[in-house]
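Peer 1: Protein chains in written order, with the numbering used here: chain A, 53 to 375; chain B, 53 to 375. Cβ atoms here follow ideal geometry from the backbone N, Cα and C, with glycine treated the same way. As the structure is a computational prediction, the values presented were derived from the model and not from experiment.
There are 2 protein chains.
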Amino acid sequence: MNLRVGVDLGATKIQTLLVADDDSIVARKRRATPVMGGPDAVLAAVQETIEQLLARADQPASAISTIGIGAPGQIDAAAGVVLQAVNVAGWDQPVPVAEIVGEMFGVPVALTNDVQASMVAEHRLGAGRGRANLLGIFCGTGVGGGLILNHELWVGAGAAGEIGHTVIVQDGNQCGCGRRGCLEAYAGRGALEQIARDHHAAGHKTALFALMEEQGRSRLTSRVWLDACLQRDELALELIAQAARAVGTAAGSAANLLDVDCVVIGGGLATRLGDHFLNDVRIAAQPVLLRSDVANRIVLSELGDDCGALGAARIAGDRLAQR
Amino acid sequence: MNLRVGVDLGATKIQTLLVADDDSIVARKRRATPVMGGPDAVLAAVQETIEQLLARADQPASAISTIGIGAPGQIDAAAGVVLQAVNVAGWDQPVPVAEIVGEMFGVPVALTNDVQASMVAEHRLGAGRGRANLLGIFCGTGVGGGLILNHELWVGAGAAGEIGHTVIVQDGNQCGCGRRGCLEAYAGRGALEQIARDHHAAGHKTALFALMEEQGRSRLTSRVWLDACLQRDELALELIAQAARAVGTAAGSAANLLDVDCVVIGGGLATRLGDHFLNDVRIAAQPVLLRSDVANRIVLSELGDDCGALGAARIAGDRLAQR
Chain A
53 MNLRVGVDLG ATKIQTLLVA DDDSIVARKR RATPVMGGPD AVLAAVQETI EQLLARADQP
113 ASAISTIGIG APGQIDAAAG VVLQAVNVAG WDQPVPVAEI VGEMFGVPVA LTNDVQASMV
173 AEHRLGAGRG RANLLGIFCG TGVGGGLILN HELWVGAGAA GEIGHTVIVQ DGNQCGCGRR
233 GCLEAYAGRG ALEQIARDHH AAGHKTALFA LMEEQGRSRL TSRVWLDACL QRDELALELI
293 AQAARAVGTA AGSAANLLDV DCVVIGGGLA TRLGDHFLND VRIAAQPVLL RSDVANRIVL
353 SELGDDCGAL GAARIAGDRL AQR
Chain B
53 MNLRVGVDLG ATKIQTLLVA DDDSIVARKR RATPVMGGPD AVLAAVQETI EQLLARADQP
113 ASAISTIGIG APGQIDAAAG VVLQAVNVAG WDQPVPVAEI VGEMFGVPVA LTNDVQASMV
173 AEHRLGAGRG RANLLGIFCG TGVGGGLILN HELWVGAGAA GEIGHTVIVQ DGNQCGCGRR
233 GCLEAYAGRG ALEQIARDHH AAGHKTALFA LMEEQGRSRL TSRVWLDACL QRDELALELI
293 AQAARAVGTA AGSAANLLDV DCVVIGGGLA TRLGDHFLND VRIAAQPVLL RSDVANRIVL
353 SELGDDCGAL GAARIAGDRL AQR
């Protein structure tokens, strides 16, 4: 059997897939990212997970032809090095990920930015199949984005797609990046939690934090936001509606600038909240769009939690084929 | 002699150039766009102007190899038809410009959107020479924009570049397009005039309207804005500073999304106001940019009033060469 491995190396979760030649998923495993031990511990966890998946699929390590890894932060894709990933504990120095993981399994490793990997997956295998020009907006802890132009990933000088740091409100909310009015300051889970905590501290009633504790969490996860919305918690509904409006405004502006065919909305938060969130995004984008028919082509990611890992595996396969 | 003609067919002015093979300008003429008589009168004025330029250069009509026309509004470039140009009097129905002007001179005519023509000129001959990835923002009556990606004009499904209708303030100023918070509602000369009139009517002191009358104008032209700023008119300075801030915010956001190498600021208003305006744009863009070094690569258009006509002539030459 000829298998590829796809790894989505996130700040909180590592999603790993064994993928067949036709991009079907043979096995998957999701685990927490080690918070102690830095890069060594994280890459040991990746190794262990791949070995577990091979065992589960009853395949030898030699069945793997290539490994694709999507990682957050600044990437030197050609060198296979994560330069800096401030959200992953201990990854503040360059880590030669491709070399280290390549030596573990004796196969070529392709390293990509995680959001760019997700974009490739949605374009090749997901909600953006067949679209020449595609914008992706991924709402998780932060807000990432990516662009497919003329069927190719657009990276600009290397870092294109940063729709999370486009300004939607001049002098607006403080963003975690130090700037003001960024989309991420309205639609990132980190920003939303901070706003909710401020409201809670100011005496606003909300079920958000009780739900968080019930679920044994220390952060407001996408699941907590969903459950609070399902309970019709007013603060949760209001903040999520604001987030969707912010995403819709940014999507509309970017669609006007680039004249894209399709916008894919993904990431943990958007994926969990689903159609209701999508609908609010469309309603907000509609009055902004110059081509109003684009509103119906704002769609949810189809690949959900597998998106980044599938894209990483796809990119690795493409690179191997080019050799 | 082998000459190309470039025409920038604007709502208020027609700029016409005779251009040599090396893109040097042999002769130029600028005239008001006829406001009566619709397309027939406008295209007769184009014909007359080209004939005058030929006479001035002492060249026969047969010296012209091709004519390039940049026009505002919706264009079907392949068919050579202006579908609709609401800002040009009487151009509310499709006009087969390329065919009509082609028959006048017996040469092929290339029709392009005026802003896209300007973008090509700045990339090939102006401030964006040698840049692979370039954003243009043109502040005139409205705010137009264009994109060069990988050394090619990016048109998306045909209408890309509309940075004037990206939202910089959610629920912000009403824009002439019916939307809210668009860049154009802060940095277009039309919007600026309306804001100034409102302030004036509310009793704000300003020299703007006295200057307008002194100069025999019925609108606040770029020249009027410049003169008011030079006189340190407070309202003019404040509104122009706001406009520059809006342009800087939009430029920063778009640069983050696309990771462009360079941003060219042009159009009548920006060109007249010059370095002072540019400096304010840079100051506003700086805190938005993810790559702060891009601020120094926000530059003024080098081609000024010739920009659109030069680009149209260049595009016409390229198309002829491809046949």
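1. Going by other Cβ atoms of all chains shown within 10 Å of its Cβ, with 16 needed for buried, is valine 153 of chain B buried or exposed?
2. Determine the burial state of histidine 256 of chain A: buried for a count of at least 16 other Cβ atoms within 10 Å of its Cβ, exposed for fewer.
3. Tell me which residues share the same chain as cysteine 229 of chain A and place their Cβ nearer than 8 Å to its Cβ, disregarding the 5 neighbours each side in the sequence.
4. For the ligand ZN, is there a heavy atom less than 7 Å away from the beta-carbon of alanine 364 of chain A?
5. Per DSSP, which residues does aspartate 60 of chain B bridge with? Please list them.
6. Given that a residue counts as buried once 16 or more other Cβ atoms are within 10 Å of its Cβ, and exposed if not, what is glycine 182 of chain B?
7. Below 8 Å on the Cβ atoms is my contact criterion, and I expect aspartate 327 of chain B with arginine 349 of chain B to pass it. Report the Cβ-Cβ distance as a whole number of Å.
8. At 7 Å on the CB atoms, spell out the chain D contacts of threonine 301 of chain B, in chain order.
9. Is it right to say aspartate 92 of chain B is buried, meaning 16 or more other beta carbons lie within 10 angstroms of its own, or is it exposed?
10. Hey, out of B/Leu325, B/Asn165 and B/Ala302, whose CA is closest to leucine 289 of chain B's CA?
11. Is tryptophan 143 of chain B near glycine 125 of chain B, with beta carbons less than 8 Å apart?
12. Given a threshold of 16 other Cβ atoms within 10 Å of its Cβ, counted over all protein chains shown, does glycine 369 of chain B qualify as buried or as exposed?
13. Should arginine 231 of chain B be flagged as near chain A, meaning a C-beta pair shorter than 8 Å?
14. In angstroms with no decimal places, state the Cα-to-Cα distance between glutamate 266 of chain A and alanine 337 of chain B.
15. Between which two residues does the alpha helix (DSSP H) carrying glycine 210 of chain B extend?
16. For leucine 106 of chain B and leucine 282 of chain B, I'd like the C-alpha separation in whole angstroms.
17. Check whether the Cβ atoms of valine 71 of chain A and valine 78 of chain A lie closer than 8 Å to each other.
18. Measure the alpha-carbon distance for valine 98 of chain A versus alanine 130 of chain A and round it to whole angstroms.
19. Give me the chain A residues within the contact set of leucine 310 of chain B, using Cβ-Cβ distance strictly less than 7 Å, ordered along the chain.
20. Can you pull the DSSP bridge partners for lysine 81 of chain A?
21. Skipping 5 residues on each side, what residues in its chain have a beta carbon closer than 7 Å to that of arginine 108 of chain B?
22. Of the choices A/Thr258, A/Ile317, A/Ala295 and A/Ala150, whose alpha-carbon is the least far from that of histidine 175 of chain A?
23. On the three-state DSSP scale, how would you describe alanine 97 of chain B?
24. So, is valine 89 of chain A buried or exposed, given that buried needs 16 or more other C-beta atoms within 10 angstroms?
25. In terms of residues, what are the limits of the alpha helix (DSSP H) holding leucine 359 of chain A?
26. Compute the Euclidean distance between the alpha carbons of isoleucine 127 of chain A and leucine 95 of chain A, then round it to the nearest angstrom.
27. Please confirm whether leucine 205 of chain B has its beta-carbon closer than 8 Å to some beta-carbon of chain A.
28. Once the 5 residues before and after glycine 242 of chain B are set aside, which same chain residues still bring their CB inside 7 Å of it?
29. Can you give me the start and stop residues for the beta strand (DSSP E) that glycine 242 of chain B sits inside?
30. Comparing the C-beta of alanine 169 of chain B with each C-beta of chain A, is any distance below 8 Å?
31. Does the distance from the C-beta atom of aspartate 357 of chain B to that of glutamine 67 of chain B stay below 8 Å?
32. Below 9 Å on C-beta distance, what does aspartate 313 of chain A contact in chain B?
33. How is glutamate 236 of chain A classed by DSSP in three states: helix, strand or coil?
34. Would alanine 239 of chain A pass as an interface residue toward chain B - the criterion being a Cβ-Cβ separation below 8 Å?
35. Taking the runs of the alpha helix (DSSP H) that are 4 residues or longer, which of them lie wholly in the region 144-174 of chain A?
36. Should glycine 210 of chain B go down as buried or exposed, given a rule of 16 or more other Cβ atoms within 10 Å for buried?
Peer 2: Well, looking at it:
1. Valine 153 of chain B comes out buried.
2. Exposed, by the Cβ-count rule.
3. Result list for cysteine 229 of chain A: His217 and Glu236, in chain order.
4. Among the components of this structure there are no ligands whatsoever, and the ligand ZN is therefore not found.
5. Paired residues: B/Gln67 and B/Gly122.
6. So glycine 182 of chain B counts as exposed.
7. Not really, about 15 Å apart at Cβ, beyond 8 Å.
8. This model lacks chain D altogether; the protein chains it does include are A and B.
9. Flag for aspartate 92 of chain B reads exposed.
10. Closest option to leucine 289 of chain B, Cα to Cα, is B/Leu325.
11. Between tryptophan 143 of chain B and glycine 125 of chain B, the C-beta spacing is below 8 Å.
12. Answer is buried; the Cβ neighbour count reaches 16.
13. Chain A contact via Cβ: present.
14. So the two alpha carbons sit approximately 44 Å from each other.
15. Secondary structure note for glycine 210 of chain B: it is in no alpha helix (DSSP H), with a DSSP letter that is neither H nor E.
16. So the alpha carbons of these two residues sit roughly 39 Å apart.
17. Yes; because the gap between Cβ atoms is below 8 Å, this pair is in contact.
18. Rounded to the nearest whole angstrom, the C-alpha separation of valine 98 of chain A and alanine 130 of chain A is 21 Å.
19. Simply Gly208 and Ala212.
20. Looking at the DSSP assignment, lysine 81 of chain A forms a beta bridge with A/Thr68.
21. Within the same chain, arginine 108 of chain B has close Cβ partners Ala79.
22. Ranking A/Thr258, A/Ile317, A/Ala295 and A/Ala150 by Cα distance to histidine 175 of chain A puts A/Ile317 first.
23. Looking at alanine 97 of chain B - three-state DSSP - the assignment turns out to be helix.
24. Reading the sequence as shown, one finds glycine at residue 89 of chain A and not valine. Here glycine 89 of chain A is exposed: its Cβ has fewer than 16 other Cβ atoms, across all protein chains shown, within 10 Å.
25. As written in the sequence, residue 359 of chain A is cysteine, which differs from the leucine given in the question. Looking at the DSSP string, the run of the alpha helix (DSSP H) that includes cysteine 359 of chain A is 359-374.
26. Looking at the two C-alpha atoms, the distance is approximately 16 Å.
27. In terms of beta-carbon proximity, leucine 205 of chain B stays away from the interface with chain A, with every pair separated by 8 Å or more.
28. Excluding positions up to five away in sequence, the list reads Thr193, Gly194 and Gly228.
29. First-last for glycine 242 of chain B: 241-253, but that is the alpha helix (DSSP H), not the beta strand (DSSP E).
30. Alanine 169 of chain B does not count as touching chain A.
31. Against a cut-off of 8 Å, the Cβ pair of glutamine 67 of chain B and aspartate 357 of chain B comes out as a contact.
32. In chain order: Gly208 and Ala209.
33. Note: glutamate 236 of chain A maps to helix in three-state DSSP.
34. By this cut-off, alanine 239 of chain A is not an interface position.
35. DSSP runs (the alpha helix (DSSP H)) wholly in the region 144-174 of chain A: 149-157.
36. Exposed.
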